[in-house]
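Just so you know, the protein sequences line up as chains A and B, in that order.
First residue of the first sequence: 109, per the working numbering; consecutive thereafter.
First residue of the second sequence: 188, per the working numbering; consecutive thereafter.
For every residue, glycine included, the Cβ atom is placed at its ideal position computed from N, Cα and C.
This structure is a prediction, so every number in the text was calculated from the model and none was measured.
A short worksheet on the structure shown next.
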Amino acid sequence: MAVMLKPGSTIDDYTIGECVHDGGMGFIYRVTGPDAGFPLIMKVPRLGHGQPTEGVVGFEVEQMMLSAITSPYVPRFVAAGDLAETPYLVTEWIEGENLESAVGRAPLPTDEVARIGAAVADAIESLHRQDVIHLDIKPGNVLIRPDGRAVLIDFGLARHARLPDLMAEEMRRAVGTPQYISPEQVLGVRTDPRSDLFALGVVLYELATGKLPFGSPQTVSGLRDRLWLDPRPPRMLVPEIAPWLQEVILRLIEPRPDQRYPSAAQVAFDLRHPDRVTLTARASKLERIGFFAHVKRWLTAAGREAEVAPPPVEQVAAAPIVVAAVDTDHLDDDLQRALQGAVLRVIGHAPNARLACVSVLKDTPLMDGAKTSETTSGMHLDHLVRLRHWAKPMDLPPERLSVHVLEGADTARMLVEYARANHASLIVIGAANYSEPRLGLGRSITTAVSEDAPCSVYIVRSSTPVLGSGAPAVQESAEG
Amino acid sequence: MKLALLADVHSNLEALDACMRHARREGAERFVFLGDIVGYGADPGAVVDVVAAQVAAGGLAVKGNHDDAVRNAGTDLNDDARAAIDWTRGRLDQAQAAFLDGLPLIVREDGVCWVHASANSPGDWNYVTDDLQAARSMGAAETTWCFSGHVHDQVLYYQGAGRRLMAFRPLPGVPIPVGRHRRWLAIVGSAGQPRDGNSAAAYALFDTRRAQLVFHRVPYDHEAASAKILAAGLPASLARRLRDGH
């Protein structure tokens, strides 16, 4: 099947349409077939004499990955032909702009880089949560849908921690795209999800500056440069880049995985909350480290060997974003103290956990005039201070703690949406939090959160019995 | 068709029963026994009867070294295994012993090779413990898929990007595509005497139509199986092994 198929011809249940891509590894056609409810494309690999077998393996890997992944950030798998007879892969056709074209417009302003970065980080997080590492994140493999969400394509180099790695071999060698490949991939490691974060960092560097941090090396020793080379800080190239964005980018392209973010969710979190990014020396750097510092890094890197990384799902689990729903109107009651204890126990077991303390303001004054808005922001600040006070016993470094005051009439919905948007792994909430009565036939806030949350919910009760409708018997005996 | 693949049942009726019930729930239509039906455990007769009934119903069984040792006293075994087989011999009736004796060493059908140990000289009971042994067995099998036991841990050998085979440690319950365009050698794990620190019985399901393999672990009443071993007067270490899983 080395030649292009003619429009109108058929393979199994599919009728070939226009050829939309004619690349080295194969062809991509629009196809029609049994109604999937969305438009389809078919990938057909180039096979036959003189074709690299790696391309066929990549095709097989992609088929294996797509049929195992369920994610709105990945084209849906529809069908595959038998690899021994008629190899093809039918997937959802994604309407979107290839990120390559955004690179063409670079340097892009800070907020646009952050928006794209957060969208790609969402997509990477979704993969990692399914134990999949993409291992070839680059602009050409990212589509941006019209609504701004990112879709990752081309899973030919990907790895699924629960399936045999067809790209693996005894003698490890670098497999990836030279510009974006992570240092550990250069060493032949295909098991670290943080490799995707490194590549994301290179993409963001490129979008923000129009330049590549490590160039386009052609040799193995050129690839190894990224194990020690300190790239030019983005703000040295484009002074308009916000320091916080430089902080995020340089943290992503740290040579050692454990110096990077522990999860894609935490990257997305920072890109969406610039004011919560903890600035370190990375943010203010305007030049490369000096000669001697470089020599030192080189010497360290020279001895670096491939390290075994825990699988993606374990790394995601070890770096949860925990949302504590705090009732800042009743900070001193037993329930809030019980909540503190519960959060401490959760955070204590996960050194990479990040705590977001959230309070929802219901009754903010109407926005009519300068004075009222001052009052609103005054209230806002007041609750932020209370949240910070509440979180003090957690004794967390600033990069692991943030406080957020949300405003909205529907407290439960606000909490659930916040958890969803920030890939929270757990919401910790008090059972009788927000002491308001139930609204008509509606559910309590805690019930609504526990039913609608996108993640686990830890419902905390204080040891003191709650007086009121929930515990009449206790009340009676206490009085009797 | 979904095939349930069980190896190294070793006279463990509780484990066999749990695996077969699990497999039926998962839609297994045919049972394949990859040798070492007897040895170590306390229920040789009952286990042979179950296997023989499956073979009569269209299933398949190949001979393992412990099965061989029932008739062939010259087979090389360690002391515990020897003691168990000597005990087993007296617990099997004529028909049961004849069934074991009549089992084939190796069967090839529809692109699959079934064998207890290595397909390379199967009667020598070579252990497939690394990629080189696996390559030898795969080469001798001359089929797309080769399924075996003898080694008690679940492993899937496959051709990666390099010249040598890669060993993959499967996770229970995860379907693995094993397409017929490449070659695979799976060790399905021991149903009756797991040795990887996990006491749950091991087996695998092979879906021939979808070319998909799922390794399973099934918790079973290993306390009951251990108690029977002790009651039978078999070595206590064999009972302990079922509890500890190694």
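Original post:
For A:M275 and chain B, any beta-carbon pair shorter than 7 Å?
Top reply: Yes, because at least one Cβ of chain B sits closer than 7 Å to the Cβ of A:M275.
Subject >> Under the three-state DSSP convention, the category A:D219 falls into >> reply: Helix at A:D219.
Original post:
When we look at the beta-carbon of A:Q367 and count the other beta-carbons within 10 Å, is it buried (16 or more) or exposed?
Top reply: By the 10 Å Cβ count, A:Q367 comes out exposed.
**OP:** Taking B:V235 and B:L279 to be in contact with their CB atoms under 8 Å, please state how far apart those CB atoms are, rounded to whole angstroms.
**Re:** Indeed they touch by this definition, with Cβ atoms about 7 Å apart.
**OP:** Grab me the residues of A:V139's own chain with a C-beta within less than 7 Å of its C-beta, minus the 5 sequence neighbours each way, in chain order.
**Re:** Excluding residues within five positions, the ones whose Cβ falls inside 7 Å are Y122, T123, I124, G125, L148, I149, M150, V198.
Original post:
For B:C300, which beta-bridge partners are listed by DSSP?
Top reply: Answer is B:R295, B:C333, bridged to B:C300.
**OP:** Please specify which runs of the alpha helix (DSSP H), each continuous and at least 4 residues long, are wholly inside the region 402 to 467 of chain A, giving them in chain order.
**Re:** Runs found: 420 to 426, 442 to 456.
Original post:
What are the start and end residues of each continuous alpha helix (DSSP H) run of 4 or more residues lying completely inside the region 259 to 332 of chain A, in chain order?
Top reply: Runs of the alpha helix (DSSP H) lying entirely within the region 259 to 332 of chain A, each at least 4 residues long, are 291 to 294, 302 to 317, 328 to 332 in chain order.
Original post:
Quick one: what does DSSP say B:K250 is sitting in, helix, strand or coil?
Top reply: Note: B:K250 maps to coil in three-state DSSP.
Subject >> Buried or exposed (CB count within 10 angstroms, at least 16 for buried), B:L319 >> reply: B:L319 comes out exposed.
**OP:** Go to B:R217, then tell me how far its beta strand (DSSP E) extends in each direction, as first and last residue.
**Re:** That run of the beta strand (DSSP E) goes 217 to 220.
Original post:
Looking at the C-beta of B:I374, does it have a partner C-beta in chain A at a distance below 7 Å?
Top reply: Judged by the 7 Å Cβ criterion, B:I374 is not in contact with chain A.
Original post:
Helix, strand or coil: how does DSSP classify B:S305 here?
Top reply: Residue state, collapsed to three classes: coil.
**OP:** Compare the Cα-Cα distances from A:T285 to each of A:R257, A:K500, A:P215, A:S324 and report the closest residue.
**Re:** Selected option, being the one with the closest Cα: A:S324.
Original post:
Would you say A:P286 reaches chain B, if we count a Cβ-Cβ gap shorter than 7 Å as a contact?
Top reply: No, A:P286 lies away from the interface with chain B (no Cβ there is under 7 Å from its Cβ).
**OP:** Could you work out which residues of chain B lie near A:L191, taking near to mean beta carbons separated by less than 7 Å?
**Re:** Near A:L191 (Cβ distances below 7 Å), the residues of chain B are G366, H368.
**OP:** With DSSP as the reference, please indicate the residues paired to B:L193 in a beta bridge.
**Re:** Answer is B:F220, bridged to B:L193.
Original post:
Going along chain B in order, which residues have a C-beta closer than 7 Å to the C-beta of A:R270?
Top reply: L358, V361, listed in chain order.
Subject >> Segment limits, beta strand (DSSP E) that includes A:E200 >> reply: Residues 197 to 200.
**OP:** Compare the C-beta of A:M172 against all C-beta atoms of chain B and say whether one is closer than 7 Å.
**Re:** A:M172 counts as touching chain B.
Subject >> Straight-line Cα distance separating A:T388 from A:H488 >> reply: In this structure, the alpha-carbon of A:H488 lies about 27 Å from that of A:T388.
**OP:** Tell whether a beta-carbon distance below 7 Å holds between B:V405 and B:A388.
**Re:** For the pair B:V405 and B:A388, the CB atoms are nearer than the 7 Å cut-off.
Subject >> Enclosing alpha helix (DSSP H) for B:A284 [first to last residue] >> reply: Element bounds for B:A284: 281 to 288.
**OP:** Please determine if the region 349 to 365 of chain B and the region 406 to 417 of chain B are in contact, where contact requires at least 3 C-beta pairs separated by less than 8 Å.
**Re:** No contact exists between the region 349 to 365 of chain B and the region 406 to 417 of chain B.
**OP:** Please name the residue, chosen from B:F402, B:S377, B:V401, B:L417, that lies closest to B:G432 on a Cα-to-Cα basis.
**Re:** If we check each option's Cα against that of B:G432, B:S377 comes out closest.
Original post:
So is A:G576 buried or exposed if we call it buried at 16+ other beta carbons inside 10 Å?
Top reply: Here the model assigns A:G576 a pLDDT of 48, short of 50, so the residue's position is not dependable and the matter cannot be decided.
Original post:
Are the beta-carbon atoms belonging to A:S283 and A:L265 less than 7 Å from one another?
Top reply: In the sequence under discussion, the amino acid at residue 283 of chain A is Val, which differs from the Ser named in the question. Closer than 7 Å, so yes.
Subject >> Buried versus exposed, by CB contacts within 10 Å (16 or more), B:N265 >> reply: With fewer than 16 other Cβ atoms from the protein chains shown falling within 10 Å of its own Cβ, B:N265 counts as exposed.
Original post:
What residues are listed by DSSP as bridge partners for A:V250?
Top reply: Answer is A:L260.
Original post:
Since B:M353 meets chain A, which of its residues come closer than 9 Å, beta carbon to beta carbon?
Top reply: Those within 9 Å of B:M353 in chain A are P272, D273, L274, A276, E277, E278.
Original post:
From the DSSP output, which residues share a beta bridge with B:S377?
Top reply: Answer by DSSP bridge pairing, in chain order: B:A194.
Original post:
Should the region 229 to 247 of chain A be called in touch with the region 363 to 378 of chain A, which here means at least 3 C-beta pairs below 8 Å?
Top reply: Contact holds: three or more Cβ-Cβ distances are below 8 Å.
**OP:** Please list, in chain order, all residues of the same chain as A:R445 whose beta carbon is under 8 Å from its beta carbon, the five residues on each side excluded.
**Re:** Only S570 meet the Cβ criterion.
Subject >> Chain-ordered residues of the region 326 to 348 of chain B with a beta carbon less than 7 Å from chain A >> reply: For the region 326 to 348 of chain B, which is checked against every Cβ of chain A, the residues closer than 7 Å are L343, Y345, G347, A348.
Original post:
Taking the alpha-carbon positions, what's the A:P562 to A:L509 distance?
Top reply: In a straight line, the C-alpha of A:P562 is about 21 Å away from that of A:L509.
**OP:** Measuring alpha carbon to alpha carbon, tell me which of A:L113, A:L191, A:A425 ends up nearest A:I600.
**Re:** In the structure as shown, chain A starts at 109 and stops at 588, and residue 600 of chain A therefore has no counterpart that could be examined.
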